[in-house]
Every structure is written in C-alpha cells, then in structure tokens.
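Quick mapping for you: the protein sequence lines, in order, are chains A and B. The first sequence runs 206 to 462 under the working numbering. The second sequence runs 283 to 585 under the working numbering. We put the CB at the ideal spot given by N, CA and C, even for glycine.
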Amino acid sequence: MKKSITDFTVLSNTRLSSTQFLLELSSDILLNDVLPGQFVNVKVEDSPQTFLRRPFSIHSVDAKRNVLFLLIKEMGIGSTKLASLQKGSNLNLILPLGNSFSFGNVKKAILIGGGCGVAPLLFLAKKLHEKDIHCDILLGGRSSDDIVEVEEYQKYGTTHITTEDGSLGEKGLVTKHSIFNSNKGWDMVYSCGPEPMMKSVAMYAKQNEIECEVSLENTMACGIGSCLCCVTDTIDGNICVCTEGPVFNIKRLKWQI
Amino acid sequence: MADLNVRIHNLLLKNPVMTASGTFGYGPEFEDFIDIGALGGIVVKGTTLEPRQGNSYPRMAETPAGMLNAVGLQNKGVDYFINSIYPLIQHYNTNIIVNVSGSLVEDYIKVCEKLSALKNIPAIELNISCPNVKEGGMAFGTSCAAAATVTKAVRNVWPKTLIVKLSPNVTNIAEIAKSVEDEGADAVSLINTLLGMAINIDTRKPLLSTVTGGLSGPAIKPVALRMVWQVAKAVKIPVVGMGGISNAKDAIEFLLAGASAIQVGTANFIDPAITISIIKGIEEYLDKNHFSSVYDIIGKLEC
Ligand SMILES: Cc1cc2nc3c(=O)[nH]c(=O)nc-3n(C[C@H](O)[C@H](O)[C@H](O)COP(=O)(O)O)c2cc1C
Ligand code: FES
C-alpha cells in the first residue's frame, strides 16, 4: 500500500483507564491493505513543545467501516495533547508505516502483550482469527487499570490475564502465567510490550524452539527510513526499526538471551 | 509566472529548492509523497569510502523547535552507493548531489575519484562539518588551513561542481568560506548542525549515546540566516543556505540574505511533501510582488 500523508477525522475518543484512551479515526483512503504490526506517524497540532510526529501502532482496522483505531497511553506532552482531542477534530497521519507480523505457516499462536504494548495485538488477533489460526492471548500489566478491552480480545482467541499486583487475573509477571506450565503446541509467539518483558518472552520461545516475533519501539524522527535515527543492532548491523521493523524475528536481533 | 531557475556554477536548478543531506535518504523514501523531479536537486546521505555503522542507540532527542541527532554518518560506503543505489536513482529528473564525508584527506579523494565516473552526478557537496564523528569531519571545517587543504585536494580530482559544506561550530564562518573559495570551491553550503546536548534529569544521563549531537530544525534558523548573510557578503561564489527552513517564508528569508539556493532538512520529517509547498510558495511570492525571476530577490535584503 502506498504511503500517504492523510487528514483523519476523530469519530470518537474514549477513555479506557486512568492513562489509556482509544481514538477512532476515519478518512477517504482505503484501509483494506493495512497490515497488523504497521504503525502511523501522528502530527500533534497546537503543541509548541512537540516538534516531531509521534509514532503509534495501529490498534485495529475495521475494514467494513473503513475506520482505524489507535490505543494510546498518556506518557508525555504529545500523547497528553492527543488525549484531549474532541470528536470531529482533525488528525494528520502518515501511514501505513513499517513491516508487519508474519503468519504464513502458523497453525497455533500465542500473543503476549504488556502494558500499552498490547496495542498492535488486537489487529493481529483479528487477522489470525480471519485466517482460522487459533490463538491464545495473554495480557499483562502492573494492575487491573492497565488491562483494557478484554471483551474485544475474547472475540478472537482464548484470553488470559496477569497483573503484577494480582488485581486482575493471575498475580505475577506475564512469563510466569500458568498457561506456560504445559505444552500448548504453539508454533509462533508474538510479543509487544516493555523490552525486559519481550526479552523473557523471547527466552521462553528460544528454549522451547518456537518462532518468535517482537515489535520494537525506538526514538523516531521521520518514520520512513530517511534519517537513520531509529536503528537497532541486528546480525545484519544497524538497521531502521521504522522500515525493516517494527516487527523482528528474535533470530535477527542481538539480544543476550 | 516568475522564472525559478538558478545556477550554482555549472549546475542548473529548475528552482532553488533542494533537500539536505541525511534528511532525504537517497530519494526513493519520498517517492510515495512527491515527484522527485519537481525539485531543484537532492543531496543524498553522507557517503564515505568504507561502510560505517554509525553511532549506537539512542541517536535522536527532540528539543524545543528542533532535534538533536547523533547518526554518525551511517552508510554502506561509496561502492555500495555506486553499485546498488545509483542505478535506482540515476533516472531522476533532478540534480543528484552526493554528500562526501570522511576522516582523512585521502579518503575524500578516493570517494571523489570513484564518483567522478558517474554521469548523472553533476556535483558533490564536500562535508567538512559533521559533528558526529570523532576522528574527523568537523575537524576539517573548523580551521581555515584544514578546510583549505581538503578543498584543494578534492579540487584536483573533481572537475565538476564542487560545493563545500561549512560547519557553524566556528568563531568566524566567513573566514572559512573565503579559504575554501581561494582553493577553488565553486559554491559553499551552510549550515550543518550546531553542536548541542540534552540531559534526562531522572536518570542523570545524556539523552544521546554520544552525549553531544547536532541540533537542527527551526531552533537554529536565526543563527543559520545570520551566517548565510555574513558568508554571502564575504565570498563571490554562490551560497546555498539551510538551517531550519520549514516553509516558503523561511526559504525567501535565506534568498534575501544572499543564498542562491536553499536546502530543506529536518522539515522533511514532519511533512515529507514540504519541499513542494515551498517551491509553490516561492513562486506565489514572486508573482504577487511582480518579480520576474528569483534572482530579483537573491541577496536583495535592504539594510
Ligand atoms: C538526522 C540528520 C542526519 C544528517 N546527516 C547529514 C550528513 O550525512 N551529511 C551532512 O552534510 N549533513 C547532515 N545533516 C545536516 C543537514 O543536512 C542540515 O545541514 C542540517 O540539519 C540543518 O538543516 P535543517 O535545520 O533544515 O535540518 C543531517 C541532519 C540530520 C537532522
Ligand atoms: S525514524 Fe527516520 S529512519 Fe527510522
């Protein structure tokens, strides 16, 4: 799909937790070919302190209604500004950017998300469901406040929850969830979230010889491969997260796991 | 409709708008957004003799009205450019200018010799001003003697248009400009990034892996404009101005200050189609003010 700079209209802005909100966006461009794992680069208007665009994973696409969802966590000035967007306001996006999760030969997958890193996993779960690929979805957070849209995930796979304080689901870290006590026959692990979490997920995958793809974040200026500010170290040297990622097979990364 | 053509030595530009090195990749990155052929020229990524991995992460920090970068000239080297990139871009209907970087005079010479075989590279921009590599780059651009030495050496092997890109991290940029003019530079371009830094007070660590990095964007525009004005008064060769240009008004300010052409850098990141609006805006300004050519405003600042 050709990349474009497009004005979207905010159809709704829904608060999901003390820090997370969901933007529903529409425009004239057809979103049929947007892939799970891809991201958008958002211009934050009327915010003198934010200069660059802000990259956000595509949370989901409703192809029938041609709308796009972004799940955003308030972290800094840019995201806080976006949290105040009203229905009907304008939002300028560059999209679609980056590569996508692969699901060529996958038969049974587990999707593991932590914190706001779960954002791209809903879209992925939806696509896997469309392709009749069975998936387990494991959502983790610090507390119940971090876990949002559980019913949405349940539509597409068996959903499990863990929180560090035990306020929802099992207590503890995602990688200690009881789902890992027995072999569920997964042939693919997808993960997105804080790097330490993805690293322990990657370690599990490696030990159990399961393919594993993770979605990385990095500081970005352009999002289109022109500034080389967003590189990560791989077996092929420094490469751009914005064009060759954000999704990487862990075999390509130089993680010490 | 006003005539937008400008000339930098033997280089004919259909309009004075080019893209700045390191901010436009090699061109293909922008094909979805603009017609590359509509530009006056593109300056491709800094190219060195050997491949360079660049600096480690993090390489970028956002700052008020700008950004710091510490990319450190990551590129796959001149041979890769010649064999794998040039074939993809040589058909562009615009001037393709290679930004040549290095840390030794011999390296600059070798890169230029290799590039001189390429028919569709009518000019190079000699980067003696990169603040992000330890062993050189900026070192050549911060003393008149070193700037003169590297310019002279490259002049001997590069018969086509030679633009020398100057560092703003000096006490007297006009002096450096004059010394490269004396050694045969056909034009100067300025400014490269200003050395800066940023700190995370929670971790008490620098935001960049290299501690310091190059500041670009609107934050540096007033400094860049002042330097372009000083250099344009000091030399007879054409001046290519850049530093924070984000719209047609900014570009026109640089032209009035004495730049014969301008480059757009960081602004491409926020709006990949900005160069096209800048070209349109310059044209509208000329028409509105009944100027028949862009030369009617170049250096026409009234003080
Ligand atoms: C990410 C980045 C990479 C750059 N790489 C180069 C480079 O390889 N060679 C060079 O001469 N200048 C390089 N520059 C400097 C720009 O070409 C330009 O001189 C500077 O950014 C000021 O213009 P601007 O404010 O419009 O960006 C780079 C700038 C940025 C932001
Ligand atoms: S953000 Fe510019 S290359 Fe990736």
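For residue i, three-class secondary structure by DSSP
i: B:ASN474; result: coil
i: B:ARG453; result: For clarity, residue 453 of chain B is Thr in the given sequence; the question names Arg instead. Correct three-state label for B:THR453: coil.
i: A:SER383; result: helix
i: B:GLU332; result: coil
i: A:CYS432; result: coil
i: B:ALA469; result: strand
i: B:ASP361; result: helix
i: A:THR285; result: helix
i: B:VAL446; result: strand
i: B:VAL462; result: helix
i: A:SER307; result: coil
i: B:VAL382; result: strand
i: B:LEU293; result: strand
i: A:ARG258; result: coil
Those residues which DSSP pairs with residue i across a bridge
i: B:ILE544; result: B:VAL299, B:GLY523
i: A:SER265; result: A:PHE274
i: A:TYR395; result: A:LEU316, A:GLU418
i: A:GLY450; result: According to DSSP, A:GLY450 bridges with nothing at all.
i: B:GLY323; result: B:MET300, B:ASN377
i: B:GLY496; result: B:ASN351, B:LEU477
i: A:GLY442; result: A:THR439
i: A:THR363; result: A:ASP341
i: A:THR368; result: A:GLY346, A:LYS376
i: B:LYS487; result: B:ASN482
Status (buried if at least 16 other CB within 10 Å, exposed otherwise) for residue i
i: A:CYS434; result: buried
i: B:ARG486; result: exposed
i: A:ASP351; result: buried
i: B:PRO346; result: exposed
i: A:GLN291; result: exposed
i: B:TYR362; result: exposed
i: A:ARG347; result: exposed
i: B:SER303; result: buried
i: B:ALA459; result: buried
i: A:GLN412; result: exposed
i: A:HIS382; result: buried
i: B:PRO450; result: buried
i: A:GLU418; result: buried
i: B:ILE410; result: buried
i: B:GLN512; result: buried
i: A:LYS278; result: buried
i: B:ALA284; result: buried
Residue from the options with nearest C-alpha to residue i
i: B:THR492; options: B:ALA320, B:MET342, B:MET283; result: B:MET342
i: A:SER231; options: A:LEU240, A:ARG220, A:SER265, A:GLY319; result: A:SER265
i: A:TRP460; options: A:SER348, A:ASP238, A:MET402; result: A:MET402
i: B:TRP440; options: B:ILE318, B:PRO404, B:SER425, B:GLY354; result: B:PRO404
i: A:LYS456; options: A:CYS432, A:GLY430, A:ALA407; result: A:ALA407
i: A:PHE244; options: A:LEU228, A:GLN254, A:PHE261, A:VAL379; result: A:PHE261
i: A:LEU298; options: A:ASN246, A:THR214, A:HIS382; result: A:ASN246
i: B:ILE527; options: B:HIS373, B:ALA514, B:SER559, B:ALA469; result: B:SER559
i: B:ARG437; options: B:THR453, B:ILE580, B:GLU407, B:THR424; result: B:GLU407
i: A:LEU344; options: A:LEU227, A:GLY362, A:VAL379; result: A:VAL379
i: A:GLY283; options: A:LYS269, A:LYS248, A:ARG270; result: A:LYS248
i: B:LEU321; options: B:TYR374, B:ALA284, B:THR330; result: B:TYR374
i: B:ILE455; options: B:ILE371, B:ASP484, B:SER425; result: B:SER425
i: B:VAL393; options: B:LEU293, B:GLY359, B:ASN365; result: B:GLY359
Host beta strand (DSSP E) of residue i (start-end)
i: A:GLU229; result: 225 to 231
i: A:PRO301; result: 295 to 302
i: B:LYS405; result: Note that residue 405 of chain B is Ala in the sequence shown here, rather than Lys. First-last of the beta strand (DSSP E) with B:ALA405: 405 to 409.
i: A:GLY345; result: 339 to 346
i: B:CYS394; result: Segment 387 to 397 is the alpha helix (DSSP H) holding B:CYS394; no beta strand (DSSP E) there.
i: A:PHE213; result: 209 to 220
i: B:ARG289; result: 288 to 290
Span of the alpha helix (DSSP H), counted from its first residue to its last, around residue i
i: B:MET342; result: Per DSSP, B:MET342 belongs to no alpha helix (DSSP H); it is in the beta strand (DSSP E), 342 to 345.
i: B:ILE558; result: 556 to 570
i: A:VAL245; result: No alpha helix (DSSP H) contains A:VAL245, which is instead part of the beta strand (DSSP E) from 244 to 247.
i: B:CYS426; result: 426 to 439
i: B:ILE552; result: 549 to 552
i: B:VAL513; result: 503 to 516
i: B:ALA539; result: 530 to 539
i: B:SER575; result: Careful: B:SER575 lies outside any alpha helix (DSSP H) and carries neither H nor E.
i: A:LEU236; result: No alpha helix (DSSP H) holds A:LEU236; DSSP gives it neither H nor E.
Inset, instruction - Return the residues of the stretch 425 to 447 of chain A that lie within a Cβ-Cβ distance of less than 9 Å from chain E, sorted by chain order. - result: Given the protein chain composition of this structure (A and B), no chain E is represented.
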